[in-house]
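So in numbering that gives the first Met the number 0, the last spot in the sequence shown is 145, and the numbers never skip. All C-beta atoms in this analysis are idealised placements derived from N, C-alpha and C, irrespective of residue type, glycine included.
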Amino acid sequence: MNRARLIALIHAGAQALGMDEETRRAWMEKHTGKRSCTNCSESELSRLGDELRAAGYQPGPATRAPGGSGPGRPTKSQWGLIAKLAKQKGMSGLDDPSLAAFAKKVCKVDSLRFLDQAGARALIVALERWIVWEINHPKKDAKARK
Numbered sequence: 000m001n002r003a004r005l006i007a008l009i010h011a012g013a014q015a016l017g018m019d020e021e022t023r024r025a026w027m028e029k030h031t032g033k034r035s036c037t038n039c040s041e042s043e044l045s046r047l048g049d050e051l052r053a054a055g056y057q058p059g060p061a062t063r064a065p066g067g068s069g070p071g072r073p074t075k076s077q078w079g080l081i082a083k084l085a086k087q088k089g090m091s092g093l094d095d096p097s098l099a100a101f102a103k104k105v106c107k108v109d110s111l112r113f114l115d116q117a118g119a120r121a122l123i124v125a126l127e128r129w130i131v132w133e134i135n136h137p138k139k140d141a142k143a144r145k
């Protein structure tokens, strides 16, 4: 892995594990004696990456927005917002079958890859309204019914 990718891995891994910048720098200093990735050798960066993996960080494959990026296609920010809202609803992300079923019902598309910008807007609004509805209508627990 090249130096730039190792640095990106360390920054992403530290963020995923909940470290802020100061904590990450202190952690790096503990393991390498250096507070900056720029000052580390490639072997030190590789060792830091191994430490992050041992701490539980699992870098996933790079994800692409489904459906391409041509004119009229949803923007990266729309895909990001859809993924964020889907995760708030307990879905695993853009590839979750329940999100596809919800999009089919709301946007009348067979797959998320067929969404256009208007469909993405409609899906975002529907997810936001669903989240707000659940906040305003909390589930009653079983004890309250008895």
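Residue of the options minimising C-alpha distance to residue i
{"i": "T37", "options": "G55, K29, L5", "result": "L5"}
{"i": "Y56", "options": "M18, S110, W129, S42", "result": "M18"}
{"i": "N1", "options": "S40, A25, S110", "result": "S40"}
{"i": "P58", "options": "A7, W132, G69, K138", "result": "A7"}
Residue i - DSSP class collapsed to helix/strand/coil
{"i": "V108", "result": "coil"}
{"i": "R128", "result": "helix"}
{"i": "D49", "result": "helix"}
{"i": "K103", "result": "helix"}
{"i": "R24", "result": "helix"}
{"i": "R4", "result": "helix"}
{"i": "G79", "result": "helix"}
{"i": "H136", "result": "coil"}
{"i": "A54", "result": "coil"}
{"i": "T37", "result": "helix"}
{"i": "T31", "result": "helix"}
{"i": "R72", "result": "coil"}
Rounded distance between the beta-carbons of residue j and residue i, thought under 8 Å
{"i": "L126", "j": "K88", "result": "7 Å"}
{"i": "L111", "j": "A99", "result": "6 Å"}
{"i": "G118", "j": "V108", "result": "6 Å"}
{"i": "A121", "j": "V105", "result": "6 Å"}
* **Stretch-stretch touch, CB-based, cutoff 8 Å, three pairs: the region 91–99 with the region 40–52** => no
* Are the region 52–60 and the region 69–89 in contact at 8 Å, needing three or more beta carbon pairs? -> no
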